[in-house]
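A short write-up of the structure that comes next.
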Amino acid sequence: MHIEGRGYLAYPDTDRGGIGKLTRFSYEFFSSDTLTVARALLGAYLVRTVDGQRLSGIIVECEAYVGQDDTACHASRGRTQRNQVMFGPPGHAYVYFTYGMHWMLNVITEMEGSPAAVLLRAIQPQEGIQRMRELRQLRGKVRKEQDLTSGPARLTQALAIDGAFNGTDMVTGETLRLEPGTSFPDSAVQNGPRVGINYADEKDRLAPWRFWIKDNPYVSG
DNA sequence: CAGACGATTGCCT
DNA sequence: GGCAATCGTCTGT
-18 MHIEGRGYLA YPDTDRGGIG KLTRFSYEFF SSDTLTVARA LLGAYLVRTV
32 DGQRLSGIIV ECEAYVGQDD TACHASRGRT QRNQVMFGPP GHAYVYFTYG
82 MHWMLNVITE MEGSPAAVLL RAIQPQEGIQ RMRELRQLRG KVRKEQDLTS
132 GPARLTQALA IDGAFNGTDM VTGETLRLEP GTSFPDSAVQ NGPRVGINYA
182 DEKDRLAPWR FWIKDNPYVS G
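When you line the first sequence up against our numbering, it's residues -18 to 202, in that order.
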């Protein structure tokens, strides 16, 4: 799995197994501790089906947002219309709009009533890469492939994910789902503080709840 | 109802 | 490195 000088990449056709292998998570998986789920989601497939075509990528970066005591978490100031799905059942999508132009995709963790989620920050593209380029409106422009999905708003744009998916069941969803994929060893995983949360208390700013694949070129800067 | 701001990105110097 | 874009959401009057 490790390529000298090029970091860790996933090889889905070999790591994932053949026909008949597990292709869905359980709700119980997502109901676990959020940090555990975030770590375990590295290597999972994010799959979006558009007009019958599968667009997918392997999760290589994500962040945990852990309940009402986490001042970086949208649920820290209680339930609102925007964040209500965080209080709902695990395995569902929390999609919200920010900066006047960007959509962010999270998957809900922990039991119903316990508001927590994992923000998906970067994927390594696998299927439908040309379609992702079109959705990112990069046709005709010279761009590095790693710019396609290396960032939380970039990946939602590349996969045509918006607020219509807020609350979607990502365990069984037909058009947006998570699927088990490759599993990375701990030696391939790094973690550190989360990005873009300067508004949070110091303890939460410093909490090492961002997880990523070491040296993977698709991880956001 | 006005004002501040954001779990970001892309373009500019 | 700096900073504009752009608007839904939240807060306080």
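The beta-carbon is built from N, C-alpha and C at its ideal position, and this holds for glycine as well. Keep in mind it's a predicted model, so treat the numbers as computed, not measured.
Straight-line Cα distance separating R58 from Q203:
Since the displayed the chain opens at -18 and closes at 202, residue 203 lies outside it and no answer follows.
By a C-beta neighbour count over all protein chains shown, 10 Å radius and 16 as the cutoff for buried, is N87 buried or exposed?
Counting from one through the first sequence, the residue named residue 87 turns up at place 106. With 16 or more other Cβ atoms within 10 Å, it is buried.
Return the chain-ordered list of same chain residues with a C-beta closer than 6 Å to the C-beta of G173, the five sequence neighbours on each side being excluded.
The residue labelled residue 173 in the question sits at position 192 within the first sequence. Closer than 6 Å at Cβ, skipping near neighbours: P189 and R191.
Bridge-paired residues (DSSP) for Y46
Locating residue 46 in the first sequence gives position 65, counting from the first residue. Per DSSP, A98.
Cβ-Cβ distance between Y75 and A98 below 9 Å
Stepping through the first sequence from its first residue, residue 75 is reached at position 94. Stepping through the first sequence from its first residue, residue 98 is reached at position 117. Yes.
Can at least three beta-carbon pairs, one atom from the region 26 to 45 and one from the region 134 to 149, be found at a separation below 8 Å?
yes
Alpha carbon to alpha carbon, how far is D150 from G33? Give it in angstroms, no decimals.
Walking along the first sequence from the start, residue 33 turns up at place 52. Walking along the first sequence from the start, residue 150 turns up at place 169. In a straight line, the C-alpha of G33 is about 18 Å away from that of D150.
Kindly give me the distance between the Cβ atoms of T79 and A103, rounded to whole angstroms, as I take these residues to be in contact under 8 Å.
Looking up residue 79 in the first sequence gives position 98. Looking up residue 103 in the first sequence gives position 122. Not really, about 17 Å apart at Cβ, beyond 8 Å.
For N147, count neighbouring Cβ atoms within 10 angstroms of its own Cβ and tell me buried if that reaches 16, exposed if not.
The sequence position of residue 147 within the first sequence is 166, counting from 1. Buried: at least 16 other Cβ atoms inside 10 Å.
According to DSSP, is P106 helix, strand or coil?
Position 125 of the first sequence holds residue 106. Strand, per DSSP.
Separation of E155 from L36, as counted between CA atoms
Counted from its first residue, the first sequence places residue 36 at position 55. Counted from its first residue, the first sequence places residue 155 at position 174. Each residue's alpha carbon lies about 12 Å from the other.
DSSP three-state assignment for Q111, whether helix, strand or coil:
Here residue 111 refers to the residue found at position 130 of the first sequence. Three-state result, Q111: helix.
Given that a residue counts as buried once 16 or more other Cβ atoms are within 10 Å of its Cβ, and exposed if not, what is G24?
In the first sequence, counting from the first residue as 1, residue 24 sits at position 43. G24 is buried by the Cβ-count criterion.
Please work out which residues of its chain come closer than 7 Å, Cβ to Cβ, to W84, disregarding the five sequence neighbours upstream and downstream, and give them in chain order.
Along the first sequence, one-based indexing puts residue 84 at 103. Excluding sequence neighbours, W84 sits near V76, F78, A134, T137, I142, D143 and G144.
Does the Cβ-Cβ distance between I178 and A53 come in under 9 Å?
The residue you call residue 178 lines up with position 197 of the first sequence. The residue you call residue 53 lines up with position 72 of the first sequence. Yes, these two residues count as a Cβ contact at 9 Å.
Identify whether P198 lies in helix, strand or coil by the three-state DSSP scheme.
Taking the first sequence and counting its residues from 1, one reaches residue 198 at position 217. Three-state DSSP puts P198 in coil, outside helix and strand.
Skipping 5 residues on each side, what residues in its chain have a beta carbon closer than 8 Å to that of E243?
This structure leaves residue 243 out entirely; the chain is present only between -18 and 202.
Between the alpha carbons of E160 and G81, how many angstroms are there, rounded?
Taking the first sequence and counting its residues from 1, one reaches residue 160 at position 179. Taking the first sequence and counting its residues from 1, one reaches residue 81 at position 100. Those two C-alpha atoms are separated by around 30 Å.
Of the choices R124, L101, N64 and I110, whose alpha-carbon is the least far from that of G132?
On the first sequence, residue 132 is found 151 positions in, with the first residue counted as 1. Nearest of R124, L101, N64 and I110 to G132, Cα basis: L101.
Assuming Q105 contacts G38 under a Cβ cut-off of 8 Å, what Cβ separation, rounded to an integer in Å, is found between them?
Looking up residue 105 in the first sequence gives position 124. Looking up residue 38 in the first sequence gives position 57. Indeed they touch by this definition, with Cβ atoms about 6 Å apart.
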